[in-house]
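Just so you know, UniProt numbering puts the end of the sequence shown at 692, numbered straight through with nothing missing. C-beta atoms are modelled at their ideal positions from N, C-alpha and C, and glycine is treated no differently. None of the values given here were measured: they were computed from a predicted structure. Read the structure below first, then the notes.
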Amino acid sequence: MTNAPPPPGSGGAPSTSHPSGLTFSSMPRRSSYASVVSGTAAAQNLYSPTWSGPLSNLVTSTPSSSYPPQYQPDSRLHRYSSAIESDMQTNGGGTSGGGWRRAAPIPSHSRQFANSIDYVEYPHGQQSSNSFFTPSYLKTSKYVAQLAAAHRSKSSSAQKDPSSNHSSAAPSLSASSSNVNLHRMAPSHRGMTYDIIEHQPPSEDDNLVPLPSKWNEADKYGGLDILGEGLEIRYMGAICKHEHEAAAVRADHPMPRQCGIYYFEITVLAKSKDGIISIGFSSPKASLERLPGWEQESWAYHGDDGKIFFGDNQGQGKDYAKPFAVNDTVGCGVNFSTGTAFFTKNGVYLGNAFRELKNVKLYPSIGMRKFPGSHIKANFGQFPFIFDIDGMMGKERHCVQADINTTSVASLHPTLDESSLIQELVAQFLAHDGYVETAQAFAEEVREEAQALHSGQDVPLKDYEVVEDVDAINRQKIRAAILEGDIDKALKFTNAYYPNVLEDNPQIYFRLRCRKFIEMMRRCTEPQGFASKRSKSSNGAAHDTSDDVFTHDMELDEQMKDAEDSSDIMEMEDSDYGMKYQDLLHETIMYGQELQADYPGDEKREYKKTLDDIFSLVAYPDPKSSVHGHLLEPSGRVPVSEELNSAILVSLGRSSSAALEKLYQQTEVLFNEISEEGGAGAFINVRNDFLI
């Protein structure tokens, strides 16, 4: 492998020479990456190059394990009079003849479950409130896509940073916006234990508000107990003596406006005859000592009388729907685009309940009062909903898309109609990115289509002439080399055609060198390419079994000799294969050491993080299945080639982005702006709805 000369002022370039005294010729076949790096291969009387810096933390750790926190029930045990117990209607509420207490769960065959809601988990098993989940109606939401990406990033860090193993909680993105539960990696089967340590840099995703996922233990009134992974609430307080005495609880996170519509449901599992349950939402200012709807900045639907309440009406409810009781499933939704709220009952839409909602943070909220024993279970999207919220979301999305489709584009380019404008954008994009042959084919296709449409008409045709651009051809050569994984060739072409580009853009040169290391690791993960083909027959040509001249003893001798010869050949092939593999691994490690030496210390935080990530690949027996295995994917070559192509264009005095790319970027920014407060943009995902 050759290396292009480094640009002046850069971090240095790899050298083809290696330190003397290092030999891998005697190494056994397929030693582990970790053993080569850590030095454990020395037990085999081999010299192994050692790493320092980013890889030094891979070989000194002890294993540990962490488990998700278990719910610790309240130590308070309540027992009430038989008069109250006889007045209870139960449906899986956990009552018994001995009074209300924390009893064992009712068996699944109990008749008390005959009319209860059967929660069916999603196929992918996202049933736990402590794991990240995507409600079905938000599966195309851009905001939830951002949450999912942030969750994957934090989960990746969680597998590498052992510092958080001492945390007493294990929140996920859905459950906490600031904490990450990180797990130490298990000991390697190769006899060593290691940690991969990485501290995630600050990101704009840190400002993303997770979806509500459970009831908040720290934001509830004392008379309520939270059960069932945070989804269930049971009222265990004393009998209310005052008219407005109650207990309420809020969810762990507010409803994100960027979702456009937010919806959740509760199912009433148990309720006393005169007990009251209310469902709605409130801001943090609302008191938890009264039912939602009775306090300022709270809105709710009450199950005892079917009325709706909001703080500004001074406790005077308005008729809305029928009351709800045991076995009923009641849903609450907020449409931030219209500023309205609605409720559902057993899958039936009950209509808008509130309008002109205040611009405050709204948390899902539940309230209970009077007699103990009321018990509900919430569904924040971990399970399928009873109401067709997916259909409602689809209708809203369709309306917004219809408005978009009827919008005129004449003002974008007054001299072109919509079809011609699109063709211009595509042609310019192909030429800009150096796809010369594709641009020529596109121009020819457009020309033929125009001729067919205007056959027999005297109409001038638009000619998309593609100029033979030498720079475009050179850029395409560089791009092709990177996409093929030949970074050395790309560096050679770049320094030959555009000698100042890498000097002026050291960060791109750094990325190219890192990509070269990754490509070398890719070759190490595919060692079968170095193996020679073995003989298809071990003894077929050695003797003729049909020849009766040989005696039985002679045949046995020949067969044994053939088996020995075949074994010797296979051992030689394996040895040759092992030599080639170890040579490649040795070359990769040497190049990694040079790369580390050229970027010492913490010159730039992103440099150190990138080096830590790519060097960690060496520590795994199967790098492709490791935490950073995605770095080995060929798709990682694309952003490197695009970044270099943009830098070359800037050096030529041209725009770094094509007009089509700018149009997409501006559209994304516009939709982000209008979706911040739950506007129409919240129902559109530009990438999913228009690009893929």
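Under 6 angstroms Cβ to Cβ from phenylalanine 380, same chain only, skipping five residues before and after it: list those, please.
For the purposes of this step, residue 380 is taken as residue 380 along the sequence shown, with counting starting at 1. Once the five neighbours on either side are set aside, the close Cβ partners of phenylalanine 380 are Pro212, Ser213, Phe264.
Using the C-alpha atoms, what's the distance from glycine 230 back to glycine 636?
Residue 636 sits at position 636 when you count from the first residue of the sequence shown. Residue 230 sits at position 230 when you count from the first residue of the sequence shown. Between the C-alpha atoms of glycine 636 and glycine 230 there is a straight-line separation of about 40 angstroms.
First through last residue of the beta strand (DSSP E) which encompasses tyrosine 235
Indexing the sequence shown from 1 puts residue 235 at position 235. Per DSSP, tyrosine 235 belongs to the beta strand (DSSP E) from 232-235.
Under the rule that 16 or more other beta-carbon atoms within 10 Å means buried, what is serine 82, buried or exposed?
Mapped onto the sequence shown, residue 82 falls at position 82. Note that serine 82 scores a pLDDT of 36, beneath 50, so its modelled location is shaky; the value from the coordinates is reported in the next line. The residue in question, serine 82, is exposed, as its Cβ has fewer than 16 Cβ neighbours within 10 Å.
9 angstroms Cβ cutoff met for alanine 247 and glycine 223:
The sequence position of residue 247 within the sequence shown is 247, counting from 1. The sequence position of residue 223 within the sequence shown is 223, counting from 1. Yes, they are a contact pair.
Hey, glycine 339 and glutamate 356 are a contact pair by Cβ (cut 8 angstroms); roughly how many whole angstroms apart?
As a working note, residue 339 is residue 339 in the sequence shown. As a working note, residue 356 is residue 356 in the sequence shown. That pair is a contact at about 5 angstroms.
Cβ-Cβ separation, arginine 250 to serine 282 (assumed contact under 8 angstroms), whole Å
The count along the sequence shown starts at 1 and reaches residue 282 at position 282. The count along the sequence shown starts at 1 and reaches residue 250 at position 250. Their Cβ separation, rounded to whole angstroms, is 6 angstroms, which keeps serine 282 and arginine 250 in contact under 8 angstroms.
When burial is assigned at 16 or more other CB atoms within 10 Å of the CB, is glutamate 676 buried or exposed?
The residue given as residue 676 occupies position 676 in the sequence shown. Per the 10 Å Cβ criterion, exposed.
First and last residue of the beta strand (DSSP E) that includes methionine 368?
Stepping through the sequence shown from its first residue, residue 368 is reached at position 368. Counted as a single uninterrupted DSSP element, the beta strand (DSSP E) harbouring methionine 368 occupies residues 363-369.
Label aspartate 613 either buried or exposed according to how many other C-beta atoms from any shown protein chain fall within 10 Å of its C-beta, with 16 as the threshold for buried.
For the purposes of this step, residue 613 is taken as residue 613 along the sequence shown, with counting starting at 1. Of the residues assessed, aspartate 613 falls on the buried side of the cut-off, its CB having 16 or more other CB atoms within 10 angstroms.
Taking just the CA atoms, how far does histidine 586 sit from asparagine 505?
In the sequence shown, counting from the first residue as 1, residue 505 sits at position 505. In the sequence shown, counting from the first residue as 1, residue 586 sits at position 586. Their Cα atoms are separated by approximately 30 angstroms.
Could you give the uninterrupted runs of the beta strand (DSSP E) lying entirely in the region 304-350, keeping only those of 3 residues or more?
307-310, 329-335, 340-345
Taking 6 angstroms as the limit between beta carbons, can you name the residues of its chain near alanine 378, skipping five residues before and five after?
Walking along the sequence shown from the start, residue 378 turns up at place 378. Excluding sequence neighbours, alanine 378 sits near Leu231, Ile266.
First and last residue of the uninterrupted alpha helix (DSSP H) at glutamate 668
As a first step, residue 668 must be located in the sequence shown, where it is residue number 668. Annotation: the continuous alpha helix (DSSP H) that includes glutamate 668 extends over 659-675.
From the DSSP output, in three-state form, read off glutamate 265 for me.
In the sequence shown, the residue the question calls residue 265 occupies position 265. Note: glutamate 265 maps to strand in three-state DSSP.
Report all residues from its chain with a CB closer than 7 angstroms to the CB of valine 669; omit the five preceding and five following residues, and keep chain order.
Residue 669 sits at position 669 when you count from the first residue of the sequence shown. Hits under 7 angstroms: none found.
Proximity below 9 angstroms, CB of phenylalanine 429 to CB of leucine 691:
On the sequence shown, position 429 is the one that residue 429 refers to. On the sequence shown, position 691 is the one that residue 691 refers to. Not closer than 9 angstroms, so no.
If we count Cβ pairs, one from each stretch, closer than 8 angstroms, do we get three or more for the region 318-325 versus the region 341-356?
yes
On the DSSP letters alone, give me the boundaries of the beta strand (DSSP E) that glutamate 217 sits inside.
Here residue 217 is taken as the residue at index 217 of the sequence shown, counted from 1. For glutamate 217, the enclosing beta strand (DSSP E) stretches over residues 215-220.
Can you tell me which of Asp225, Ala325, Ser278 puts its alpha carbon nearest to the alpha carbon of lysine 271?
The sequence position of residue 271 within the sequence shown is 271, counting from 1. Closest by alpha carbon: Ala325.
Let's test the definition: count the other Cβ atoms within 10 Å of the Cβ of asparagine 688 and tell me whether it reaches 16, buried, or not, exposed.
Your numbering for residue 688 matches position 688 in the sequence shown. The residue is exposed, with fewer than 16 neighbouring Cβ atoms inside 10 Å.
Using CA atoms only, rank isn't needed, just tell me which of Leu138, Pro135, Leu208 is closest to alanine 150.
Translated into the one-based positions of the sequence shown, residue 150 becomes position 150. Taking only the C-alpha atoms, the option nearest alanine 150 is Leu208.
Whole-number beta carbon distance between leucine 291 and glycine 367, since they are thought to touch under 8 angstroms
Position 367 of the sequence shown, counted from the first residue, corresponds to residue 367. Position 291 of the sequence shown, counted from the first residue, corresponds to residue 291. Contact holds; Cβ gap of about 4 angstroms.
Quick check on threonine 415: buried or exposed, where buried means 16 or more other Cβ atoms within 10 Å of its Cβ?
Position 415 of the sequence shown, counting from 1, holds the residue named residue 415. A residue is called buried when at least 16 other Cβ atoms come within 10 angstroms of its Cβ; threonine 415 does not meet this threshold and is exposed.
Below 8 angstroms on the Cβ atoms is my guess for leucine 147 versus lysine 220; work out the distance and round it to an integer in Å.
Residue 147 sits at position 147 when you count from the first residue of the sequence shown. Residue 220 sits at position 220 when you count from the first residue of the sequence shown. Not quite, the Cβ-Cβ distance comes to about 25 angstroms (not below 8 angstroms), so this is no contact.
Restricting to Cα atoms, I'd like to know which of Lys662, Asp328, Thr525 is closest to glycine 629.
Taking the sequence shown and counting its residues from 1, the one referred to as residue 629 is at position 629. Measuring from the Cα of glycine 629, the nearest candidate turns out to be Thr525.
Should isoleucine 404 go down as buried or exposed, given a rule of 16 or more other Cβ atoms within 10 Å for buried?
Taking the sequence shown and counting its residues from 1, one reaches residue 404 at position 404. The residue is exposed, with fewer than 16 neighbouring Cβ atoms inside 10 Å.
Cβ pair count under 8 angstroms reaching 3, the region 436-451 against the region 467-486:
Because the criterion of three Cβ pairs below 8 angstroms is met, the region 436-451 and the region 467-486 touch.
Let me know the secondary structure DSSP gives histidine 398 once reduced to three states.
The residue labelled residue 398 in the question sits at position 398 within the sequence shown. Helix, per DSSP.
In angstroms, rounded to a whole number, what distance separates the CA positions of glutamate 444 and aspartate 417?
Here residue 444 corresponds to residue number 444 of the sequence shown, with the count starting at 1. Here residue 417 corresponds to residue number 417 of the sequence shown, with the count starting at 1. Spanning the two alpha carbons is a distance of roughly 20 angstroms.
From glutamate 673 to phenylalanine 336, what distance separates their C-alpha atoms?
Reading the sequence shown from its first residue, position 673 is the one you call residue 673. Reading the sequence shown from its first residue, position 336 is the one you call residue 336. Cα to Cα, the separation comes out at about 14 angstroms.
As assigned by DSSP and simplified to three states, the class of glycine 629:
Taking the first residue of the sequence shown as 1, we reach residue 629 at position 629. Helix at glycine 629.
Measure the C-alpha to C-alpha separation of proline 634 and isoleucine 386 and round it to an integer number of angstroms.
Locating residue 634 in the sequence shown gives position 634, counting from the first residue. Locating residue 386 in the sequence shown gives position 386, counting from the first residue. If you take the alpha carbons of proline 634 and isoleucine 386, they lie about 43 angstroms apart.
Could you tell me the boundaries of the beta strand (DSSP E) in which tyrosine 301 lies?
The residue labelled residue 301 in the question sits at position 301 within the sequence shown. Its beta strand (DSSP E) spans residues 298-302.
So aspartate 390 and tyrosine 137 are supposed to be a Cβ contact under 8 angstroms. How far apart are they, rounded?
Mapped onto the sequence shown, residue 390 falls at position 390. Mapped onto the sequence shown, residue 137 falls at position 137. About 5 angstroms; that satisfies the 8 angstroms criterion.
What is the DSSP secondary structure of valine 409, reduced to helix, strand or coil?
In the sequence shown, the residue the question calls residue 409 occupies position 409. It is coil, neither helix nor strand.
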